[in-house]
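**Q** Residue numbers (our numbering): 5 to 320. Before we start, here is the structure in question, set down as structure tokens.
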């Protein structure tokens, strides 16, 4: 029986990159290998559109610790994989028409090969006149940008709860008719594969982890996503199941005032019906998370946030 197994060039390059790293050495000790890796690098252009947003999700992603944002957007985020941030209204140096030309050119040059990142809800009432980004003789609505960019993207990532489900921007009475990307796609019959990465804000690990998953293995299979289009890897279990105060609840000990020991359910904690890995991942580089800081979970990763969770500090 033959034990030979053929591998592709891409698989070999990925393996070759991992060998020196596993040995604690840089590929730069092997000049020809380093050169081959550079030649084999696959680039992924990103167009990051900020719609009805406070930019909180951008700030959260920028604050990533491991890897740093420098590693993410200026170096190979994974061996052989380079993200090219072609457009981001907050981060890029260019302004006005020059900045938007970068988005247009990326969409034209890399049709079907760029990743569209949507931050913030999308105003839809009155043809989207409640939100504009740039102009071409007349202002261009955020809704128009979605119509232009989403159909030809390789994939769409809805970063933050506003982008995923509407969030704060779509809170009652919602005069702008703001919606999450998924709802807008259904309205416009856009079938581009998309993933929701909710949170107010989105945790940087959730975003970077999702990107890494796509680069290594392609778009997640249906079984890897929950009913709300989220990666089960990050949103597969409730806050309640892994909460540090779970024992208090089981013993019937509930805090009635902030600062008291006990489960925070009576103070409005939404942990029992909120899915995220905050209790084990923590925030700000592993420093803390809401409940450890004495605050109830407000359920910011869920589709009903904030309307269905209000009043925030009262038991639901």
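Virtual Cβ for every residue (Gly too), placed ideally from N, Cα, C.
Determine the direct distance from the alpha carbon of residue 314 to that of residue 292, and round the result to whole angstroms.
**A** Approximately 24 angstroms, taken between the alpha carbons.
**Q** Taking residue 104 as part of the alpha helix (DSSP H), name the residues at either end of that continuous run.
**A** Its alpha helix (DSSP H) spans residues 100-113.
**Q** Between the C-alpha atoms of residue 297 and residue 259, what's the straight-line distance to the nearest angstrom?
**A** Rounded to the nearest angstrom, the two C-alpha atoms are 14 angstroms apart.
**Q** Determine contact between the region 301-316 and the region 190-207, defined as no fewer than three beta-carbon pairs at a distance below 8 angstroms.
**A** Contact between the region 301-316 and the region 190-207 is present, because at least three Cβ pairs lie under 8 angstroms.
**Q** For the alpha helix (DSSP H) containing residue 168, list its first residue and its last residue.
**A** From DSSP, the alpha helix (DSSP H) with residue 168 extends over 165-169.
**Q** Using DSSP with H/G/I as helix, E/B as strand and the rest coil, what is residue 133?
**A** In the structure shown, residue 133 sits in coil (DSSP, three-state: anything other than H, G, I, E or B).
**Q** Quickly, what does DSSP pair residue 142 with across the bridge? List them, please.
**A** Beta-bridge pairing links residue 142 to 140.
**Q** Considering only the beta carbon of each residue, do residue 208 and residue 68 sit closer than 7 angstroms?
**A** Yes, the Cβ-Cβ distance between residue 208 and residue 68 is below 7 angstroms.
**Q** Which stretch, first to last residue, makes up the alpha helix (DSSP H) that contains residue 123?
**A** Taken as a continuous stretch (DSSP letters only), residue 123 belongs to no alpha helix (DSSP H), being part of the beta strand (DSSP E) at 119-123.
**Q** Looking only at its own chain, which residues have a Cβ that is under 7 angstroms from the Cβ of residue 253, when we skip the five neighbours before and after it?
**A** The residues are 267, 269.
**Q** Hey, could you find the ends of the beta strand (DSSP E) residue 89 is sitting in?
**A** That run of the beta strand (DSSP E) goes 85-92.
**Q** Go ahead and pull the three-state DSSP assignment for residue 149.
**A** Residue 149 falls in the helix class under three-state DSSP.
**Q** Under DSSP, the alpha helix (DSSP H) around residue 191 begins and ends at which residues?
**A** Unbroken alpha helix (DSSP H) run through residue 191: 185-192.
**Q** For residue 320 and residue 127, I'd like the C-alpha separation in whole angstroms.
**A** Computed Cα separation, rounded: 29 angstroms.
**Q** For the beta strand (DSSP E) containing residue 82, name the first residue and the last one.
**A** Residues 80-82.
**Q** According to the Cβ coordinates, are residue 164 and residue 61 closer than 7 angstroms?
**A** A contact, by the Cβ cut-off of 7 angstroms.
**Q** Evaluate residue 257 with the Cβ neighbour count: other Cβ atoms within 10 Å of its Cβ, from every protein chain shown; 16 or more gives buried, anything less gives exposed.
**A** Exposed: under 16 other Cβ atoms inside 10 Å.
**Q** For residue 145, I'd like the list of residues in its chain whose CB is within less than 7 angstroms of its CB, leaving aside the five on either flank, ordered along the chain.
**A** These residues qualify, in order along the chain: 131, 132, 133, 135, 136.
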